[in-house]
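Peer 1: I am attaching a structure below and will ask some questions about it afterwards.
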Amino acid sequence: MEYFKSSLKSVLGATPSGNQPTSAETVERLVDRLLSSTLLEDRRDACRALKALSRTYRVEVGAQGMDALRQVLEIDRTDCEIIGLALDTLCNITNPETFSEEVDKHGPKNKIGEQFTEIFIKQPDSIGLALTFLEEFDFRVRLPAVKLLTHLLANKPKEIQEIILVSPMGVSKLMDLLCDSREVIRNGVLLLLIQLTKGNANIQKIVAFENAFDRIFDVIMQEGGAEGGIVVEDCLLLMLNLLRGNISNQTFFKEGSYIQRLTPMFQMQTEIDDNLIGWSPQKVSNVHCMIQVVRALVTPSCPAQALTACQGNMKACGLLQALCNILMASGVPADVLTEMINAVAEVIRGNTVNQEYLSSVMAPSTPPRSAIVVLLMSMVNEKQPFLLRCSVLYCFQCFLYKNEIGQAQLIQTLLPQGNEIPSLTTGQLLCGGLFSPDPLSNWFSAVALSHALINNNVQKEELLRVLLATNIGKPPVTLMQQCILLLQQENKTQSKLGLVMLFCRWTAHCPPAVKAFLSIDSSVTYLTTLLSSQENNDDLQETLLQSMCALLIGLCVHFNDDSVQAYTKEKLCNLIENRIGLERFQDIIGGVSRHEVYSRALKHPQPAAKNASELLLDYEFCRLMKTLEGAVIKSVLDMSSMKQKNQMTVLAPVDCTLVTQYKDLIREQDIQIQKLKQTVDILLKEKQELESHVHELRTTISYLKDQNLVLRGAQTNLCDGKQPVLCTSNSCSSKQELDRYKDLVTELEDRLAKHVLIIEEYKQKDTNEKESVLEDRLKEKTEELEQFKRDHEGFLELLSYQENKIAFYKEKLIALGEKVESDESSADLDTDDLPESSN
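Under the UniProt record's numbering, the residue at position 543 of the sequence shown is numbered 543, and the numbers go up by one with no gaps.
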């Protein structure tokens with residue numbers, strides 16, 4: 001540190017004690033010295049000091065010294081020492097990482113390097129200057145020039161790529177450095193090229209045609225191939241950048257026989273004297289990159305012709321064999337084995353020769369088993385890693401892809417084998433997985449089995465013959481029956497999703513499979529019950545299950561040959577309309593394609609799930625749904641529309657006599673309607689009269705009640721007098737008067753009782769009979785009236801149809817030269833009298 005301070009003093013000059021300059025002032029003096037000094041040695045010292053400060057005080061050095069440093073690159077380009085110092089300083093200023101010295105001041109994550117990169121490239125020839133120094137052999141210049149360009153690319157990749165692309169011989173200058181004998185420079189150029197070739201197809205093509213593949217393979221061999229260090233990984237990453245998604249470079253790679261140069265890299269020895277060779281972390285990384293290079297050449301997204309050619313080359317040069325040897329070797333890390341299985345899958349996908357080769361590969365086991373059986377054993381084993389099981393499923397799917405022989409062989413293993421020696425087969429493994437308690441095994445097995453049915457109706461019908469012995473002493477059941485039973489009893493939604501995908505593939509384009517499905521008890525009932533549920537379920541798996549069940553019942557409509565009387569096309573559509581509803585059916589069946597999981601599954605044939613809960617839909621099922629969803633919905637809606645049309649359509653009239661009969665019938669019904677209206681009016685009038693009579697009787701009763709109270713009061717006064725009454729004429733007359741009042745009260749009570757009885761009878765008659773009868777008859781007549789109106793409208797439509805038909809025949813008669821009567825007479829024209837048309 002004291003030496004550094006003394007050096008600064010010699011450059012800046014001594015400063016008075018107690019007046020220490022700030023960092024910005026120090027940088028300013030150094031920059032001024034760099035620009036104004038006439039001696040080269042002074043400029044070197046100033047540049048050296050700026051380099052020393054550029055880590056701790058990057059902002060100050062970059063802000064004040066970038067133009068001065070750039071000027072040095074232009075003026076002093078003949079002096080390698082000062083050029084190297086200037087380039088090193090610029091590397092520090094534009095470094096995309098954060099220096100430990102500046103964390104406290106600017107934070108652990110800052111974009112200082114990116115900001116200074118943006119300032120640096122504003123000068124059009126700045127990148128050109130850096131490229132020029134690549135031609136300088138001096139280590140002090142070439143290495144920092146490579147680092148500077150690497151930093152600039154890391155900060156502003158798109159901009160730097162475009163500048164280098166238009167720079168004369170820019171890419172060529174970089175490619176030449178791959179031959180530099182100094183490993184540090186060569187390795188630095190590898191990192192630079194990795195950054196340069198990311199996402200730019202034009203630069204990728206230029207680099208490839210600059211003999212990049214030869215140079216990369218040479219470096220890989222020099223570094224020891226798969227057993228080499230991180231430089232091998234860098235070479236493979238660069239190769240991967242050049243090949244992935246670049247059809248031109250893939251064709252160049254194939255035609256340049258570079259696939260053959262990949263084979264030795266995979267011919268690694270895996271065992272020596274039964275002692276496993278260790279897989280170092282770097283070797284694992286290298287092999288991963290090697291596998292990615294292979295997959296870049298045979299990914300399903302490649303053009304079919306180029307893909308087939310690469311697959312053929314890989315088989316011919318022994319690369320497929322080398323991959324299978326590693327696949328069957330022991331001691332291979334699980335993540336390497338997973339990627340190796342994926343690579344083998346894509347090398348054989350859709351290629352009959354390669355598929356046959358894989359089916360012939362035997363695993364070194366006792367007893368000997370085919371590689372495919374060993375792989376499926378891993379797939380249905382719940383103890384195996386999830387990603388490994390997914391890769392096995394992908395490999396098996398690729399084995400069955402466009403492989404009718406392989407599909408047939410799989411289905412045959414499910415059928416009785418005669419007197420052959422029993423052995424573990426692919427079919428047995430899939431059946432075991434299908435009915436396993438592990439839901440993931442159910443899903444894997446159902447999807448794997450469905451791939452044996454793709455575009456193969458013969459195997460769909462063969463699969464209908466598969467029988468399963470479920471219980472001793474009971475007759476066997478078909479595989480479809482057992483799958484439906486499992487679908488109804490299973491609690492795990494993932495298992496149900498797999499089974500429904502199998503059913504959809506099985507019934508699509510196969511009426512016999514639809515017949516078998518509809519013939520099984522409760523199959524349709526289960527689907528309609530599930531779909532008619534109105535519960536708002538936010539669970540993704542349950543929503544997908546409903547949508548897929550809707551597709552399944554729609555397939556049973558679309559591919560129905562009406563051989564099951566209980567579930568013909570029309571009856572199934574009626575069931576959908578009545579139990580589910582057409583609008584709800586459309587909404588449910590379209591629910592799958594609205595989910596992100598559908599879009600993700602449709603992107604690539606390989607399962608894209610990272611964990612078991614994300615494994616829901618299969619690529620081929622999504623393709624099937626995309627193809628048939630519209631047709632299924634159309635079939636259901638068309639059948640519904642046809643039914644409605646048939647309900648509204650009446651048989652066409654044979655002649656005008658029938659039309660006349662309908663007219664007469666309509667007239668009679670109109671007369672009946674009028675009579676019924678008159679009857680209703682009379683009944684309403686009677687009801688009003690009865691109500692008036694009841695009101696009068698109620699008034700009379702009220703009056704009689706009042707009179708009764710008066711008489712009772714008088715009687716009480718007479719009987720309760722305090723003075724004794726002698727038997728005189730006067731008393732006798734009172735007694736007579738009392739008797740008369742008593743008789744009158746009795747009479748009034750009798751009359752009151754009669755009136756009450758009459759009123760009750762009227763009330764009961766009015767309420768229970770009159771009103772009920774009137775309302776029933778009114779309702780009945782109203783319904784008849786509405787039916788008459790509907791019939792009337794239908795007859796009017798028939799009349800319109802008849803008139804159009806008469807006009808049509810009239811035109812034909814005129815065309816044939818016949819004489820046609822006036823409109824009035826033509827209305828009664830009988831169709832039987834028309835001459836037969838020549839057509």
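From the three backbone atoms N, C-alpha and C, an ideal C-beta is built for every residue, glycine too.
Less than 8 Å between the CB atoms is what I'm expecting for I372 and M314, so what's the real figure, rounded?
Peer 2: In fact, because the Cβ distance is near 19 Å, the residues do not count as touching under 8 Å.
Peer 1: Give the straight-line distance between the Cα atoms of V680 and L697, rounded to the nearest whole angstrom.
Peer 2: If you take the alpha carbons of V680 and L697, they lie about 26 Å apart.
Peer 1: Skipping 5 residues on each side, what residues in its chain have a beta carbon closer than 6 Å to that of N286?
Peer 2: Result list for N286: A226, V232 and E233, in chain order.
Peer 1: For R182, which three-state DSSP category applies?
Peer 2: Of the three classes helix, strand and coil, the one that applies to R182 here is coil, per DSSP.
Peer 1: From the DSSP output, in three-state form, read off A468 for me.
Peer 2: Correcting the residue identity first, residue 468 is Leu in this sequence and not Ala. Here L468 sits in strand by DSSP.
Peer 1: Enumerated in chain order, which unbroken segments of the alpha helix (DSSP H) with a length of 4 residues or greater are wholly contained in the stretch 433–483?
Peer 2: Counting only runs of 4 or more, we get 439–450 and 457–463.
Peer 1: Do you know how far the Cα of P96 is from the Cα of G331?
Peer 2: For G331 and P96, the distance between alpha carbons rounds to 40 Å.
Peer 1: Going by DSSP, which residues form a beta bridge with R369?
Peer 2: BP columns for R369 point to A363.
Peer 1: Smallest Cα separation from I203: which of G228, T299, S181 and V171?
Peer 2: The option with the nearest alpha carbon to I203 is V171.
Peer 1: Does the distance from the CB of residue 854 to the CB of L551 come in under 9 Å?
Peer 2: Because the chain is modelled from 1 through 839, residue 854 falls outside the range shown and cannot be assessed.
Peer 1: Which term fits N455, buried or exposed, when burial requires 16 or more other beta carbons within 10 angstroms of its beta carbon?
Peer 2: So N455 ends up on the exposed side.
Peer 1: Applying the criterion that 16 or more other CB atoms from any shown protein chain within 10 Å of the CB defines a buried residue, is S702 buried or exposed?
Peer 2: Label assigned to S702: exposed.
Peer 1: Could you compute how far the alpha carbon of L190 sits from the alpha carbon of F252?
Peer 2: The alpha-carbon atoms of L190 and F252 are separated by roughly 21 Å.
Peer 1: Mind the definition here: the stretch 91–110 touches the stretch 146–160 only if three or more C-beta pairs lie below 8 Å; say whether that holds.
Peer 2: Yes: at least three Cβ pairs fall under 8 Å.
Peer 1: Measuring straight from C-alpha to C-alpha, what distance separates M169 and S181?
Peer 2: Straight-line Cα distance between these residues: approximately 21 Å.
Peer 1: Taking 8 Å as the cut-off, does the stretch 455–475 touch the stretch 499–517 (at least 3 CB pairs, one atom from each stretch)?
Peer 2: Enough Cβ pairs lie closer than 8 Å, so yes.
Peer 1: Considering only the alpha carbon of each residue, which of E223, F139, Y394 and K812 lies closest to C80?
Peer 2: Considering only alpha carbons, the answer is F139.
Peer 1: Just curious, the alpha helix (DSSP H) that H151 is in, first and last residue?
Peer 2: Element bounds for H151: F139 to N155.
Peer 1: So, is S441 buried or exposed, given that buried needs 16 or more other C-beta atoms within 10 angstroms?
Peer 2: So S441 counts as buried.
Peer 1: Measuring CB atoms only, is the stretch 234–254 touching the stretch 291–304, in the sense that at least three cross pairs come out at less than 8 Å?
Peer 2: These segments touch.
Peer 1: Tell me the rounded alpha-carbon separation between D104 and K51.
Peer 2: One C-alpha to the other measures close to 20 Å.
Peer 1: With DSSP run on the structure shown, which of helix, strand or coil describes R244?
Peer 2: It is coil, neither helix nor strand.
Peer 1: Could you name the residues of the same chain whose beta carbon sits closer than 7 Å to that of Y57, not counting the 5 residues immediately before and after it, in chain order?
Peer 2: S23 and V27.
Peer 1: CB P364 to CB M328, shorter than 9 Å?
Peer 2: Result yes, Cβ atoms of P364 and M328 sit closer than 9 Å.
Peer 1: Label S423 either buried or exposed according to how many other C-beta atoms from any shown protein chain fall within 10 Å of its C-beta, with 16 as the threshold for buried.
Peer 2: Counting Cβ neighbours within 10 Å, S423 comes out exposed, since fewer than 16 surround it.
Peer 1: From S36 to D67, what does the alpha carbon distance come to, in whole angstroms?
Peer 2: If you take the alpha carbons of S36 and D67, they lie about 13 Å apart.
Peer 1: Which value, in whole angstroms, describes the spacing of the CA atoms of R295 and P385?
Peer 2: Between R295 and P385, the C-alpha separation is close to 22 Å.
Peer 1: Let's test the definition: count the other Cβ atoms within 10 Å of the Cβ of V166 and tell me whether it reaches 16, buried, or not, exposed.
Peer 2: It counts as exposed.
Peer 1: Going by C-alpha distance, which of Q292, T98, L319 and E346 is nearest D335?
Peer 2: Nearest C-alpha to D335: Q292.
Peer 1: Along the chain, where does the alpha helix (DSSP H) that runs through A130 open and close?
Peer 2: First-last of the alpha helix (DSSP H) with A130: S126 to T132.
Peer 1: Do you know offhand how far Q311's Cα is from S522's?
Peer 2: Distance between the alpha carbons of Q311 and S522 is about 48 Å.
Peer 1: Restricting to Cα atoms, I'd like to know which of A815, R29, V184 and P605 is closest to A46.
Peer 2: Taking only the C-alpha atoms, the option nearest A46 is R29.
Peer 1: With distances taken Cα to Cα, identify the nearest neighbour of G113 among S126, T98 and G107.
Peer 2: Among S126, T98 and G107, the Cα nearest to that of G113 is on T98.
Peer 1: Pick from L236, G318, L87 and C289: whose alpha carbon is nearest that of P264?
Peer 2: Here the closest residue by C-alpha is G318.
Peer 1: Assign P512 to one of three DSSP states: helix, strand, or coil.
Peer 2: Helix at P512.
Peer 1: For V361, which option in I666, V374 and L387 has the closest C-alpha, if you only look at C-alpha atoms?
Peer 2: The shortest Cα separation from V361 among I666, V374 and L387 belongs to V374.
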